[in-house]
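> Sharing a structure, written as C-alpha cells. Questions coming.
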Amino acid sequence: MGIFDFFKNKNNRNIDDEEEIEYINDDDNYLNDDEIRKEESVQYNFKIDESFEEISSKEVEQAFEEVSPERLDYIITEEILKVIENYRDFESVQETVNEATRAIGVKNVELLKDYLKGRVSKPQRMKMKYEELGQWTKTVENAVLTIIYGFGEYGVDELLKISVMPSEVSFKAINLLCKLAAKDIERQKIIDSIIYIMKPLREDEIIRVLNFLSQIKNSVKVDRLLELYFKKYLLENNLEYAYDTVIDRINLRGRYIEDELIFFKILAIYDGKLEADLIIKGEKGIVDFTNVSDDIRVKAAVSYYSLNKEDEEINYRLLYLKDNSLDLELRKFLSTVIK
C-alpha cells in the first residue's frame, strides 16, 4: 500500500472533518465474540424477497423463448463484450449492465461464472486493445462480475460461490458483495458469509476484506469485528494493520471516538514502548512504537489533522515536513492538505 493511496481516494475512504469528538458509549449494543463466530457456513439458497429497486421482477422475469445452448452462449458472450466496450468506470456502465441482465435473464445467472476464464475470446474489433499480458482475462472477469452484480439479490449466491475460488477474482466478488450489502441487499447474509469466508485467509488478505466490509455503513457486527482485529493487530505490534483497521471503523460509522484520535497521535509522534492499557482499557501487554515507518507516521498525522486541526505538536510536524521533506511528492501532497 503506497503512502498516498488512502489520501488520494478520500471520497471512497472518507474521514469526516469534524471539530468535536462524537463519543460512542461503552454500553452500545456490541456483539460478543461468540456472536461474531456463530455463522458456520456460507448461506447459499437464501430465500429471496420479492422487491428489489435496481431490477424489478417485471424487468427480469420476462417470458423467454427456449433457446439452444449455442444461442444462449452467443447471447451471454455478446453481452459481456458490450459491457467491455462501454466500460469507462463502474457507475457509467450500469445502463449497459442492466440491458445485459435483461437479455441474459435471471434463470441463467448461474451460468455466468463459467465465463470468467477462457470462454470469451477477444474479437477482431478489439484487436489493438488489452494487449498487456493477462489484461484481457482481467477485463473479462470484471465484465462478468459486474453483470452478476447487476442482478442484485439474484446474483448474491453466484458471487458467494466465486468468493471462495482460490484466485484474485474472489476478492473482486467479495468487494461487490459488500457493495450490495451497503445497499441493504441481503445485508446480514452477506456479512455472516464473508466472516466465515475470512477464517482461512492470510493476514494481508484479511485486511483487504475488512476494508471491503467497511462499505457496509453502521453495521454493528462489522464494527465489532473491526474492533477485535484492531486489538489483535495492536497487541501483535502490527501497527500498519492496526491503523488501517481504525480508518475502516471510522469510515464504517461516519464518526470517531477519542481513543482513536489518541492512537493516531501516538502513532504519529511517539517513539517508545507503551502499556497496551493506555490505548485500550483493560488490555495487557506492551505496544512498541520504536520502529514505525515514516510513511505510517505521516498517514497517522494527516488522519489526526483531518479530525482535529488544533493540536500544536501534530501541526508542527506536518508543517515541518511540508517545508523541509526531501520527498517532493510528500511536500506537494501536504501543501494540499494543510490549510
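Under this note's numbering, the sequence shown has 64 at position 20, and the numbering climbs by one with no breaks.
Beta carbons: idealized from backbone N, C-alpha and C, even for Gly.
Let's see if you can read the secondary structure: which residues bound the alpha helix (DSSP H) around E280?
Against the sequence shown, residue 280 aligns to sequence position 236. Neither: E280 is in no alpha helix (DSSP H) and is coded neither H nor E.
> Can you tell me whether DSSP reads V331 as helix, strand or coil?
The residue labelled residue 331 in the question sits at position 287 within the sequence shown. Three-state DSSP puts V331 in a strand.
> Going by C-alpha distance, which of D133, I148, E135 and S136 is nearest E123?
Stepping through the sequence shown from its first residue, residue 123 is reached at position 79. Measuring from the Cα of E123, the nearest candidate turns out to be I148.
> According to DSSP, is L372 part of a helix, a strand, or is it coil?
As a first step, residue 372 must be located in the sequence shown, where it is residue number 328. Helix, per DSSP.
> Rounded to whole angstroms, what's the CA-CA distance from D292 to Y348? Just pull it up for me.
Working through the sequence shown from its first residue, we reach residue 292 at position 248. Working through the sequence shown from its first residue, we reach residue 348 at position 304. D292 and Y348: Cα-Cα distance of roughly 14 Å.
> Where does E319 sit, in a helix, a strand or coil, going by DSSP?
Here residue 319 is taken as the residue at index 275 of the sequence shown, counted from 1. Strand, per DSSP.
> According to DSSP, is K366 part of a helix, a strand, or is it coil?
Taking the first residue of the sequence shown as 1, we reach residue 366 at position 322. K366: helix per DSSP, three-state reduction.
> Within 10 Å of its beta-carbon, does S258 have 16 or more other beta-carbons around it, so buried, or fewer, so exposed?
Here the question's residue 258 lines up with position 214 in the sequence shown. Buried, since its Cβ has 16 or more Cβ neighbours within 10 Å.
> List, from N- to C-terminal side, the beta strand (DSSP E) runs of 3 residues or more that fit wholly inside the region 109–176.
Counting only runs of 3 or more, we get nothing.
> Would you report the Cα separation of K243 and I324, rounded to the nearest angstrom?
As a working mapping, residue 243 is identified with position 199 in the sequence shown. As a working mapping, residue 324 is identified with position 280 in the sequence shown. Cα to Cα, K243 sits roughly 25 Å from I324.
> Beta carbon of A344, beta carbon of F307: below 9 Å?
Indexing the sequence shown from 1 puts residue 344 at position 300. Indexing the sequence shown from 1 puts residue 307 at position 263. Closer than 9 Å, so yes.
> Compare the beta carbon distance of V336 and D315 with 9 Å and say whether it is the shorter of the two.
Position 292 of the sequence shown, counted from the first residue, corresponds to residue 336. Position 271 of the sequence shown, counted from the first residue, corresponds to residue 315. Yes, these two residues count as a Cβ contact at 9 Å.
> On the three-state DSSP scale, how would you describe K309?
Within the sequence shown, numbered from 1, the residue matching residue 309 stands at position 265. Here K309 sits in helix by DSSP.
> CB-CB under 7 Å to S95, same chain, minus the five flanking residues each way: which ones, in chain order?
The residue labelled residue 95 in the question sits at position 51 within the sequence shown. Unreliable positioning characterises S95 in this predicted model, as indicated by a pLDDT of 37, which lies under 50. The coordinate reading is nonetheless provided below. Cβ neighbours of S95 beyond the five flanking positions: none.
> For the region 176–195 and the region 211–231, state whether three or more C-beta atom pairs, one from each stretch, are separated by less than 8 Å.
In short, these stretches touch, since the Cβ pair count reaches three.
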